[in-house]
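Notes follow once the structure below has been shown.
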Amino acid sequence: MQAPLAGLRVVEFTHMVMGPACGLALADLGADVIKVEPAGEGGRPGGDNTRRLKGAGTGFFAMLNRNKRSFAVDMKSDEGLAQVKALLRTADVLIENFRPGALDQLGLS
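Residues in the sequence shown are numbered from 778 upward in steps of one, following my numbering.
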């Protein structure tokens, strides 16, 4: 039996809990969810901040991002932005939970 959302491509720009939970529901229903994570900058580690939670937060990233693919990219670079735009051209759905206007500033409105 085919999953209800099989064949649907979702590009996810989310972090912490609620955004990844949305992508998780879609992935669990069979959508191809691709999580776009920030690359590290200035010696800081990249990726979703939940990757680095300690204590009670341990395991949040794995729990909220199962059944997804992901990659880290510097969306502030021309090359990284071009990669993201190419990926978006293949998407059926975009989900994000950044502050209002964050994707607009990158030309991704």
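Just so you know, even glycine gets a beta-carbon here, dropped at the ideal spot from N, CA and C.
Starting from Glu789, trace the alpha helix (DSSP H) both ways and give me its first and last residue. No alpha helix (DSSP H) holds Glu789; the beta strand (DSSP E) holding it covers 786 to 790.
Beta carbon of Pro815, beta carbon of Ala849: below 8 Å? Yes, Cβ-Cβ distance for Pro815 and Ala849 is below 8 Å.
State the DSSP-derived secondary structure class of Pro822, mapped to helix, strand or coil. Of the three classes helix, strand and coil, the one that applies to Pro822 here is coil, per DSSP.
With distances taken from CA atoms, which of Met852, Ala868, Arg828 is nearest Leu880? When only C-alpha atoms are compared, the closest one is Met852.
In the DSSP output, what is Asp869 paired with across the bridge? BP columns for Asp869 are empty, so no partner.
Per-residue DSSP class, three states only, for Val794: Reduced to three states, the DSSP call for Val794 is coil.
Where do the N-terminal and C-terminal ends of the alpha helix (DSSP H) with Asp881 fall, by residue? Boundaries of the alpha helix (DSSP H) around Asp881: 879 to 882.
On the premise that Val794 lies in contact with Leu865, defined as a C-beta separation below 8 Å, what is that separation, rounded to the nearest angstrom? With 8 Å as the limit, Leu865 and Val794 do not qualify as a contact, their Cβ atoms being about 24 Å apart.
Asp851 by DSSP, collapsed to three states: which one? Looking at Asp851 - three-state DSSP - the assignment turns out to be coil, as it is neither helix nor strand.
Do Asp869 and Leu801 come within 8 Å of each other at the CB atom, strictly closer than that value? At least 8 Å separates the beta-carbon of Leu801 from that of Asp869.
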